[in-house]
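Q: Chains as they are written, first to last, in this note's numbering: chain A, -8 to 460; chain B, -8 to 460; chain C, 5 to 166. For glycine and all other residues, C-beta sits at the position ideal for the given N, C-alpha and C. Sharing a structure here in structure tokens format.
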Ligand SMILES: [Ca+2]
Ligand SMILES: [Ca+2]
């Protein structure tokens, strides 16, 4: 206790509490961390990661002078993969934390599509907003935001992820501020035999060094009418588990425009993938590689310039690995090249399957064959999307990433054979297909009954295109 | 030089030279290594490796009281995969070096099929035999053995791999005694820009700690009429390279009995797979894991009880890895389970493809479709066989092993579509198919001309079933 | 406040620990003063604690050789890292180690690649702090007292270069 006080007086220039959101104020007490934090504005490419600053002429509300590269241009197969979904209009390289809010506000996915306030969970400093809206109860505040439109909700926020989102202002201890993660990790731990896990009191600091990131760097979906942000972890966190979860609850993100398949979208499953890798097994956390300790004068601090470790190999990797910087980079690139090669081969298969289903529909193939092929389309696409969306190009779990591509290729194979009557449907898809059919019937009925109110066009958990598009 | 003398006097109980084959004699000078060497008679299973001693009633020439487990029974899909080839009759777990000669002499692959003397290269102490036959020129002796029948040649040998095969009797330095490896490594180094590589004078000891094993633990084929044992390394040592090599030279091992495809057989590519893994990149050799230094009294000796490292984790792995024995085993088993899962999924695909080609032939499908499907059958089977035959169940190179399974699944997919007219033939297969066709035509012509002499039924590089089968 | 578990250093710096130190000073326990000064004032002079004592046992040769090659081969001895530096702990541990070592040694019942035990590791990590306290104060400060940073997770090789 005595020790704690001594240190507090040591650092305290200003008094920090739950009302202080602005990182600049926290920076008065922790100038080293703050200076590093600000550098997340920098952009630099690595062979497979990082990002490029692409010049951008500010137009309308979009005041950005640079944007990140457009991935849809680099690989046009993505547009086919996501046909009919917002992602097919705009999907860019991620870049530093400093940009998270502007990049969301100015994406076509927000400007040309209806999005819920939920999106902000991972793109802004929400700790205070949730508490304020919920009168001290973050979960209540979170539920409120989920019901708002993006445009309403975004007015409530000012900052990208800030100190207060990861730290307790009194003790500076790491903490979880996102209800979605609290629920998700509880379900995950329960699946591992640890019931009623309360992350903020029961997690070790070592776990927290990854958990704080896992509030955002995870696959997610918007559950039910409330669009509650939910992590699909009740069966575990590998892709097979997550897919099985979606199949079991029968969730669908959108309908594929070309094939009519009820689809799933995967987003940035860094936490899940890391969990499958040898580093996680060895207790190496996100912070170890992405926020390595850096000696500044007589102090060691965590590098709050969160970025690709390939830009900082010496501090990120070389404490543990005695190989040279070039050698380490080459090991990473070897892995990434293999994953990229395998992924591209699987992707070619998927593209062929989409074309085959399209042709079969045109040719009036039997409906049961089409549906059977669609069940495999749903699976193959989710598996490939997962590895595309995972931002380490497979480094976080090399053999598992490629195993997913093998499963995807097998699903493509089955889908193509199904069209020819030589393979059955994926039995796990039955529920989702049934639910989607019912939803469409209900929508059609509602539409036929005439527009009663300016209701949201779709009752699904995902945004559908607005006519303005 | 002075040091060398000191050592010689130190050890020399008997004088060793190129005429001493019996390890028991070498053992007088090096009793520790010899005692360990003898223990390769022990058998013990690990989760995926090692071997089980299956009791065996000696019958006829086969005097073995134990044999290793029959893999064909554990996975009957193997029989279909190799239909028409000797491997489909007998394929067992490998076991310790002590058994290499008896296990070869008593396999059905030797007893029910014609095999060349070449087989002995990797199953007996050949250093002296080659020199003797070639009057001092090992290469000449090697060529002679290749022309003999197995039954003739095996009379010339007495021991499984012995000290003299890996060591220079004067200096005890590691050395290469197999011409096939000398040629193979020369071709490989040339492909990497190092011309005229002479392994015995230019390789480092570090390299030799893997090269001595790579004389046998590699994929191989019998080249041309002379059945010269050859390693397909002119384009590199990953599977893609080796397959490309075979396609380019147009080599075929046998014709698949069910589908009629000209096939390739893969055998124990441990060296190649290791080459693709992170351990090879980090300079970790076969001997580091399979012959780890062992303290005997005040001395450290290389453990000549060559076996699965999973039976010796402390000495094999914990020199470098700080994790517990259980943790290390579990890391290995995680990798192996993933590889096995992926491999099994690919294998199911292959089985389906074989069935489809069989059905299509029965149904009288167009010949060009059958041939196109066969080209993919050849590829898929070789890729899957490669990972089945590699004895670490993928540990030597996890992500690469699974990448091969993805490629195999893609080949299966293309083969199945080809049967339906929806995919072309693998263009790289053209030469091999052409050559096989010509060979069959020539054989048919020869057969029609009547049996002139008791000629070997096939002029191919591989043994074909004898009628006695 | 209870003495933090598994952290002798914490105890030393805790009010009760500090009190004990001052008490020992007060009653003139000379040994304590000398040790305290040597350790905190001039680490290098403490090198006189001879590693040869450990290498008496040839099974310690591997670690010894790896220590010589390590970044600490010239700045810290075996005892700097492997022996607790509070008085009671030091001798308790020496006794315990002595017993364990000779038992293992006589029975020969130990692995060739010796693995450090959890308790010994805790001692080592306290000793990292003894020398590097100032450097790591900031990164420890934001943590609960029972969840200190484990140095060895990243710096396993500082004492023994593999
Ligand atoms: Ca999703
Ligand atoms: Ca072969």
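Taking 6 Å as the cut-off, is the beta-carbon of residue 256 of chain B closer than that to any non-hydrogen atom of ligand 2?
A: yes
Q: Beta-carbon of residue 70 of chain C versus every beta-carbon of chain B: anything under 7 Å?
A: no
Q: Is it buried or exposed for residue 299 of chain A, if we count other Cβ within 10 angstroms and need 16 for buried?
A: buried
Q: Just to confirm before moving on: does the CB-CB distance between residue 257 of chain B and residue 392 of chain B stay below 7 Å?
A: no
Q: Counting contacts by CB-CB distance shorter than 7 Å, is residue 117 of chain C in contact with chain B?
A: Residue 117 of chain C counts as touching chain B.
Q: Counting contacts by CB-CB distance shorter than 7 Å, is residue 269 of chain B in contact with chain C?
A: no
Q: Alpha carbon to alpha carbon, what distance is there between residue 125 of chain C and residue 84 of chain B?
A: 42 Å
Q: Does the Cβ of residue 429 of chain A have 16 or more other Cβ atoms within 10 Å, making it buried, or fewer, making it exposed?
A: That one is exposed.
Q: From which residue to which residue does the beta strand (DSSP E) around residue 302 of chain B run?
A: Where residue 302 of chain B is concerned, there is no enclosing beta strand (DSSP E), given that its DSSP letter is neither H nor E.
Q: Count the other CB atoms within 10 Å of the CB of residue 7 of chain A; is the residue buried (16 or more) or exposed (fewer)?
A: buried
Q: So, for residue 405 of chain B: in the same chain, excluding its five sequence neighbours on each side, which residues have a beta-carbon less than 7 Å away from its beta-carbon?
A: Same-chain partners within the cutoff: 367, 414.
Q: Report the partner residues of residue 140 of chain A according to the DSSP bridge assignment.
A: A/107
Q: I'd like to know whether the C-beta of residue 231 of chain B is nearer than 7 Å to at least one C-beta of chain A.
A: It does not: the Cβ of residue 231 of chain B has no partner Cβ on chain A nearer than 7 Å.
Q: Which same chain residues end up closer than 7 Å to residue 326 of chain A when comparing Cβ atoms and leaving out the 5 residues on each side of it in sequence?
A: If the five residues before and after residue 326 of chain A are omitted, its C-beta is found closer than 7 Å to the C-beta atoms of 385, 386, 389, all from its own chain and listed in chain order.
Q: Please indicate yes or no: does the CB of residue 236 of chain B lie closer than 6 Å to some heavy atom of ligand 2?
A: No; taking the cut-off as 6 Å, the Cβ of residue 236 of chain B has no heavy atom of ligand 2 nearer than that.
Q: According to the Cβ coordinates, are residue 224 of chain B and residue 178 of chain B closer than 7 Å?
A: Cβ distance < 7 Å, so residue 224 of chain B and residue 178 of chain B count as in contact.
Q: Could you tell me which residues DSSP puts in a beta bridge with residue 253 of chain A?
A: Bridge partners of residue 253 of chain A according to DSSP: A/246.
Q: Leaving out the 5 sequence neighbours to the left and right, which residues in its chain are closer than 7 Å to residue 191 of chain A when beta-carbon positions are compared?
A: 166, 167
Q: Please go through the same chain and pick out, in chain order, the residues whose beta-carbon is closer than 7 Å to the beta-carbon of residue 3 of chain A, but skip the five residues on each side of it.
A: 20
Q: Can you find a heavy atom of ligand 1 that lies under 6 Å from the Cβ of residue 395 of chain A?
A: no
Q: Whose C-beta lies closer than 7 Å to the C-beta of residue 93 of chain B among residues of the same chain, with five residues either side of it excluded?
A: 55
Q: Have a look at B/87, B/68, B/65 and flag the residue whose alpha-carbon is nearest the alpha-carbon of residue 57 of chain B.
A: For residue 57 of chain B, the closest of B/87, B/68, B/65 by C-alpha to C-alpha distance is B/87.
Q: Check the DSSP bridge columns for residue 46 of chain A and list the partner residues they point to.
A: A/57
Q: Since residue 10 of chain A and residue 89 of chain A are thought to touch, with beta carbons under 8 Å apart, how far apart are those beta carbons, to the nearest angstrom?
A: In fact, because the Cβ distance is near 23 Å, the residues do not count as touching under 8 Å.
Q: If residue 263 of chain A and residue 209 of chain A are in contact, beta carbons under 8 Å, what's the gap, nearest whole angstrom?
A: Right, their Cβ atoms sit about 6 Å apart.
Q: Do residue 162 of chain C and residue 106 of chain C have their CB atoms nearer than 7 Å?
A: no
Q: Would you kindly work out how many angstroms separate the C-alpha atoms of residue 65 of chain B and residue 240 of chain B, rounded to a whole number?
A: 34 Å
Q: How would you write the range of the alpha helix (DSSP H) that residue 309 of chain A sits in, first residue to last?
A: Here residue 309 of chain A belongs to no alpha helix (DSSP H), and DSSP marks it neither H nor E.
Q: Do you know how far the Cα of residue 164 of chain A is from the Cα of residue 199 of chain A?
A: 10 Å
Q: Please identify the residue among B/398, B/353, B/137 whose C-alpha is closest to the C-alpha of residue 219 of chain B.
A: B/137
Q: Quick check on the burial criterion: 16 or more other C-beta atoms within 10 angstroms. Buried or exposed for residue 60 of chain C?
A: exposed
Q: Any heavy atom of ligand 2 within a distance shorter than 6 Å of the CB on residue 374 of chain B?
A: no
Q: Just confirm the distance between the C-beta atoms of residue 248 of chain B and residue 235 of chain B, as a whole number of angstroms; I'd bet it's less than 8 Å.
A: No, residue 248 of chain B and residue 235 of chain B are not in contact; Cβ-Cβ is about 26 Å, not under 8 Å.
Q: Please name the residues in the segment 152 to 163 of chain B whose beta-carbon is closer than 7 Å to at least one beta-carbon of chain E, in chain order.
A: This model lacks chain E altogether; the protein chains it does include are A, B and C.
Q: Output the distance between the C-alpha atoms of residue 403 of chain B and residue 340 of chain B, rounded to the nearest integer angstrom.
A: Rounded to whole angstroms, the gap between the alpha carbons of residue 403 of chain B and residue 340 of chain B is 6 Å.
Q: What alpha helix (DSSP H) runs, 4 residues minimum, are completely inside the segment 349 to 387 of chain B?
A: 358 to 380
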